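A quick write-up on the structure given underneath.
Number of protein chains: 2
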Amino acid sequence: MATTASTDRLRRITEAVREAGSIGVAELAALTGASEMTVRRDLEVLAGQGVLERYRGGARSLLLRGEEPPFTLRAQEGIVAKRRIAAEVAGLLADGESVVLDSGTTCLEVARAVAGRRLTVMPLSLHAVNALTGAPQLTLLVPGGRPRPGELALTGPLTQASVAALRFDTAVLGCCGLNAAHGLTAYDLDDATVKRAAIASSRRIIAVAEATKLTRTALAVVAPASSVDVVVTGEDAPEEETDALTAAGVSVRRV
Amino acid sequence: MATTASTDRLRRITEAVREAGSIGVAELAALTGASEMTVRRDLEVLAGQGVLERYRGGARSLLLRGEEPPFTLRAQEGIVAKRRIAAEVAGLLADGESVVLDSGTTCLEVARAVAGRRLTVMPLSLHAVNALTGAPQLTLLVPGGRPRPGELALTGPLTQASVAALRFDTAVLGCCGLNAAHGLTAYDLDDATVKRAAIASSRRIIAVAEATKLTRTALAVVAPASSVDVVVTGEDAPEEETDALTAAGVSVRRV
DNA sequence: ATTTACGCACACGATTACTGTTCTATCGAG
DNA sequence: CTCGATAGAACAGTAATCGTGTGCGTAAAT
Numbered sequence: 000m001a002t003t004a005s006t007d008r009l010r011r012i013t014e015a016v017r018e019a020g021s022i023g024v025a026e027l028a029a030l031t032g033a034s035e036m037t038v039r040r041d042l043e044v045l046a047g048q049g050v051l052e053r054y055r056g057g058a059r060s061l062l063l064r065g066e067e068p069p070f071t072l073r074a075q076e077g078i079v080a081k082r083r084i085a086a087e088v089a090g091l092l093a094d095g096e097s098v099v100l101d102s103g104t105t106c107l108e109v110a111r112a113v114a115g116r117r118l119t120v121m122p123l124s125l126h127a128v129n130a131l132t133g134a135p136q137l138t139l140l141v142p143g144g145r146p147r148p149g150e151l152a153l154t155g156p157l158t159q160a161s162v163a164a165l166r167f168d169t170a171v172l173g174c175c176g177l178n179a180a181h182g183l184t185a186y187d188l189d190d191a192t193v194k195r196a197a198i199a200s201s202r203r204i205i206a207v208a209e210a211t212k213l214t215r216t217a218l219a220v221v222a223p224a225s226s227v228d229v230v231v232t233g234e235d236a237p238e239e240e241t242d243a244l245t246a247a248g249v250s251v252r253r254v
Numbered sequence: 000m001a002t003t004a005s006t007d008r009l010r011r012i013t014e015a016v017r018e019a020g021s022i023g024v025a026e027l028a029a030l031t032g033a034s035e036m037t038v039r040r041d042l043e044v045l046a047g048q049g050v051l052e053r054y055r056g057g058a059r060s061l062l063l064r065g066e067e068p069p070f071t072l073r074a075q076e077g078i079v080a081k082r083r084i085a086a087e088v089a090g091l092l093a094d095g096e097s098v099v100l101d102s103g104t105t106c107l108e109v110a111r112a113v114a115g116r117r118l119t120v121m122p123l124s125l126h127a128v129n130a131l132t133g134a135p136q137l138t139l140l141v142p143g144g145r146p147r148p149g150e151l152a153l154t155g156p157l158t159q160a161s162v163a164a165l166r167f168d169t170a171v172l173g174c175c176g177l178n179a180a181h182g183l184t185a186y187d188l189d190d191a192t193v194k195r196a197a198i199a200s201s202r203r204i205i206a207v208a209e210a211t212k213l214t215r216t217a218l219a220v221v222a223p224a225s226s227v228d229v230v231v232t233g234e235d236a237p238e239e240e241t242d243a244l245t246a247a248g249v250s251v252r253r254v
C-alpha cells in the first residue's frame, strides 16, 4: 500500500543507477516500461534529492556503497512494520509525558501515531514537526538547528542547546544500527551528537529498530546498548540479537 | 487571483460571523449560496483555526474586536501588494547576508521571494521555514520555540535564545502597526519579545508594512520608530505618516 | 417524544497531477 | 565545423484527487 506507480518507478531507477554506477536513459526507460521523457523527469527529481548526477545520455550514482537511500524512498519501505512499531511506542507513553522524538522515518510514524495524544513533544526533524502542527492537545516544541536537506533532521549547536535546555521523561530514538556488541549507531556524525544530547536529557530511552537494524552497524557510535531501556523491533528480529540485548539489560519488545 | 471559490466563501463566513456575533447555518448557506453541508464543513475548518465556536444550529465568533483574522485568510488579503513589497525587500539584501525573518504573511512572501538566493536565513515562523526547505543555495537556520497555532510563529525562551545566540546583518520585521508616534507595535506580547531580540541581534532593521499598518497601533510596543532603518510600504501609504517616519530618521520606500 | 440539525457515505463535477508525443534548440563527438 | 543524438518546452489525453451536493440514519435539544 501507499506504493503508487511513480514512487515505485523512482525506487527502481534509484536501485538500477546504484547497482550499475552509471546507466543510460534508454536502458532505464526499457527497464521501467516508461517513456524516456518520464525517465528524464524522474532523474531530475532524484538529482534534486542528491541521489544521482545527470550527464548527457544518462545518470551516475552519487550514493556511495553503504550510504542511505533518500528519505522519501525510505519512508515507504516496510511502512507496515514501522506503523506497528510506532503504535507500540505510542502505547508505552503516558499522557502528559514530555518526549524528545528523533529524526528518521520510523520516528516520523511515531509522530503520526501520537498526534492525537496529550503530550509535550520536541521532534528532531521538520518532517515530524509538520506532522504535529495542528495537533490540538499536544504541546509542540521545536528545537533550533540546521535542517539537513531531504532528511530535514535538525542538527548543530542550536539543536544541542535546545535539547540540553530541557529535561524529558522519554527519548524515542531511531538508529541505523543497534546491537549488543556495538551499541546504538548512526550514519551521520551530527545526528549522533544530537542523539547523545537527547539521551543525556531524558530519564527513559526507547529505541525503535526494525529487524534489519539489529544486524547492522553504522559509522557513528552514539551510546552502548545498555543505555537503552526499551527496544521496540519487529517480530522477525533475529533471536540471538534480541537475547544479547536482553542480556545487556535492555527490555526488548517484538511487535 | 489566488482567490478560489472556497477561500472566498470562508472569508465571507468569517466576516458574517464576526459582524453578527453569532449566526445560523441556514443564514450562512443563504448568504453564500452554498449548501448547508458545505457551510458545516467550512465552520469546522474555521473552528479548527480558532476563529469561531460551533453550537447546534450555528456558530459564534471568537474573534474579539481588534483581534486579527486567522493566518490563512490574511495570507490572501492584498497579496499583490505584499509580493511587491517582498520583491523590494529582496532587492535590498545582498548575496551572502545573514537575515532573521519575522513571522507574518508579508514576511512569508519575503521568504518566497528570496528562496532562490544565496543567503543565510533564520525565519521566525514555520510557514517560512517550510517555504525555504529545499532551497539549494540558501542556508536555513531554524530557531527553537513553541509554534503558535495557525500562525506558526515561534516564540518563547527557546526562540529568544536562538536569536540571541547569533548576529545577523539584517532583520526583516513585520508588524501590526508602525508610525512615528507609537513606534513598531504588535498584537502578541510573545511576538513582541522575539522581535525585540531580533532587533538586538541585527545591524540593520528593515520593516515591512502595508499602507494600512501606518495608521494603526497595536497592543505591544516593540521598539520606537527610530530603531528602524528602512520601511518598505505601499504606494498608497499616507504621506503625513511617511513624512513623520522620515523625520524620525527612517528611510521610507514606497513600492 | 418530537423535531431539528448533524455528519457519514456515496456520487457527481471540476480541477489538478501525471504521462506520453511532437518538435525544436542544444550539446558533444569527431 | 558539421552531424547525430539528446534535452527540454509545449501540448494533449488520461488518471487521480479535491470540493461540493444529496440522501439517510443518528444524536441532541426542547
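Top line first, the protein sequences correspond to chains D and Z.
Reading the first sequence from the start, the letters are residues 0 to 254 in numbering that gives the first Met the number 0.
Reading the second sequence from the start, the letters are residues 0 to 254 in numbering that gives the first Met the number 0.
Every residue gets a Cβ at the ideal spot worked out from N, C-alpha and C, and that includes glycine.
Since we're looking at a predicted model, the values are computed, not measured.
Judged by their CB atoms, residue 227/Z and residue 188/Z are not nearer to each other than the 8 Å cut-off. With a contact defined as Cβ atoms closer than 8 Å, residue 236/D and residue 196/D miss out at about 28 Å.
With contacts defined as CB atoms closer than 8 Å, residue 139/Z and residue 145/D qualify as a contacting pair.
Within the segment 107–158 of chain D, the runs of alpha helix (DSSP H) at least 4 residues long that lie entirely inside it are, in chain order, 125–131. Sequence-ordered contacts of the segment 129–161 of chain Z with chain D read 129, 132, 133, 135, 138, 139, 140, 141, 142, 143, 144, 145, 146, 148, 149, 151, 153, 155, 156, 157, 158, 160 and 161 [C-beta pairs closer than 9 Å]. Looking at the backbone, the Cα of residue 181/Z and that of residue 122/Z are separated by about 26 Å.
Interface annotation for the segment 37–58 of chain D against chain Z: empty, criterion Cβ-Cβ distance under 7 Å. With the rule of 3 Cβ pairs closer than 8 Å, the segment 21–28 of chain Z counts as touching the segment 40–59 of chain Z. Contacts with chain Z (Cβ-Cβ distance below 9 Å) from the segment 159–180 of chain D involve 160, 161, 164 and 165, listed in chain order.
Within the model, the alpha-carbon separation for residue 111/D versus residue 120/D is close to 12 Å.
Within chain Z, the C-beta atoms nearer than 9 Å to that of residue 125/D come from 125, 128, 129, 132 and 141, in chain order.
In its chain, beyond the 5 residues on either side, 142 and 143 have a beta carbon closer than 6 Å to the beta carbon of residue 161/D. In this structure, the straight-line span from the alpha carbon of residue 19/D to that of residue 12/D is close to 11 Å.
For the options 75/D, 117/D, 137/D and 96/D, the alpha carbon positioned closest to that of residue 107/D is the one of 75/D. In the three-state scheme derived from DSSP, where H, G and I count as helix and E and B as strand, residue 34/Z is classed as coil. Cβ-Cβ separation between residue 105/Z and residue 85/Z: approximately 7 Å, consistent with a contact (criterion under 8 Å). Scanning 88/Z, 157/Z, 94/Z and 127/Z for the CA closest to the CA of residue 250/Z turns up 88/Z.
Shown here, residue 64/Z sits in coil according to DSSP, grouped into three states, outside any helix or strand. Taking 8 Å as the cut-off, the beta carbon of residue 198/D is found no closer than this to the beta carbon of residue 217/D. Ranked by how close their Cα comes to the Cα of residue 201/Z, the residues 254/Z, 164/Z, 40/Z and 45/Z have 164/Z in first place. Residue 227/D sits in coil when the DSSP states are folded into three classes, being neither helix nor strand. When C-alpha distances from residue 41/D are compared across 70/D, 7/D, 124/D and 64/D, the shortest belongs to 7/D. Straight-line spacing of the CA atoms in residue 221/Z and residue 10/Z works out to 30 Å. One thing to note: residue 149/Z has its Cβ within 8 Å of the Cβ of residue 49/Z. Around residue 231/D, the same chain offers 84, 87, 88, 207 and 252 as residues with beta carbons nearer than 6 Å, after the five sequence neighbours per side are excluded. Cβ contact annotation for residue 53/D (same chain, cutoff 8 Å, sequence separation greater than five): 42, 43 and 46, in chain order.
Cβ contact annotation for residue 113/Z (same chain, cutoff 6 Å, sequence separation greater than five): 89, in chain order. Taking the CA atoms as reference points, residue 174/Z sits about 13 Å from residue 73/Z.
Excluding its 5 nearest sequence neighbours in each direction, residue 5/Z has no C-beta neighbour in its own chain below 6 Å.
In its chain, beyond the 5 residues on either side, 73, 175 and 186 have a beta carbon closer than 8 Å to the beta carbon of residue 67/D. Non-local C-beta neighbours of residue 159/D in its own chain, meaning closer than 7 Å and more than five positions away in sequence, comprise 192, 193 and 196, ordered along the chain.
Looking from the CA of residue 115/Z, the closest CA among 131/Z, 177/Z and 102/Z belongs to 131/Z. Beta-bridge analysis with DSSP links residue 99/Z to 121/Z and 170/Z.
The DSSP-derived three-state label of residue 3/D is coil.
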